[in-house]
Amino acid sequence: MATKLIFRQVLFEPVSCTYTYLLGCSVSRKSIIIDPVLETVERDAKLIKELNLDPVYGVNTHLHADHITGTGKLKRIFPHMRSVLSKYGGGEADVRISDQEILKFGNENLEVRATPGHTNGTYHIASFEPYIASLNHSTFVLK
C-alpha cells in the first residue's frame, strides 16, 4: 500500500511566535509532532486524536527561552511518545540525535540536519519526498 505523508501546520502560538507541525504516516498512523508549545498542548492532543494518529516522537528543534516545550505534557497524554533533542543542546530527552540521523515513524523518514546558530543544539528536519524542511519554527514545503 502506498503511503502519503500527513502534514499539518498546527496553528500559530502568538506569545512565543512558534508554529507546531504534525506529520504522520497514512498507513501505520505513526506520527511526530515538531516544536509543541506548553500553552497549546490540549489543542495539539485534540488534533492528534481527531486524525487517529499515534505520536511516537515529540521533537524539539532547539531549547531556548523563546518557547516552553509542551513535550512533557504531551507525554503524559501519550505515554509511549518519546521526546527528542539534539545531543548538543541542554535539557532532558528520551532520544538524543545528531546530524544526519533518521527519525522513522511508520513508512516515513525524516533526516536530522545540524544547523547551530540560534542555539548550539539547533537542528532542522528534512524530508525529500515531498521536500519539507523545518527550520526554527519555520517550515518550507515544496512539491
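Residues 1 to 143 (the UniProt record's numbering) are what the sequence shown spells out, left to right. Glycine included, C-beta positions come from ideal geometry on N, C-alpha and C. Small disclaimer: the values here were computed from a predicted structure and weren't measured.
| Check | Outcome |
| --- | --- |
| 9 Å Cβ cutoff met for I48 and L11 | no |
| Cα-Cα separation between P79 and G58, rounded to whole angstroms | 11 Å |
| Neighbourhood of L38 by C-beta distance below 6 Å, restricted to the same chain and skipping five residues each side | I68, G70 |
| Host alpha helix (DSSP H) of V41 (start-end) | 41-50 |
| Through-space distance from L51 to Q9, alpha-carbon basis | 13 Å |
| Euclidean distance between Cα positions of I34 and F7 | 11 Å |
| Local conformation of G24 per DSSP, three classes | strand |
| DSSP-derived helix/strand/coil call for I32 | strand |
| Burial state of I102, where buried means 16 or more other Cβ atoms lie within 10 Å | exposed |
| Classification of S86 by the beta-carbon crowding that lies within 10 angstroms, buried from 16 upward | buried |
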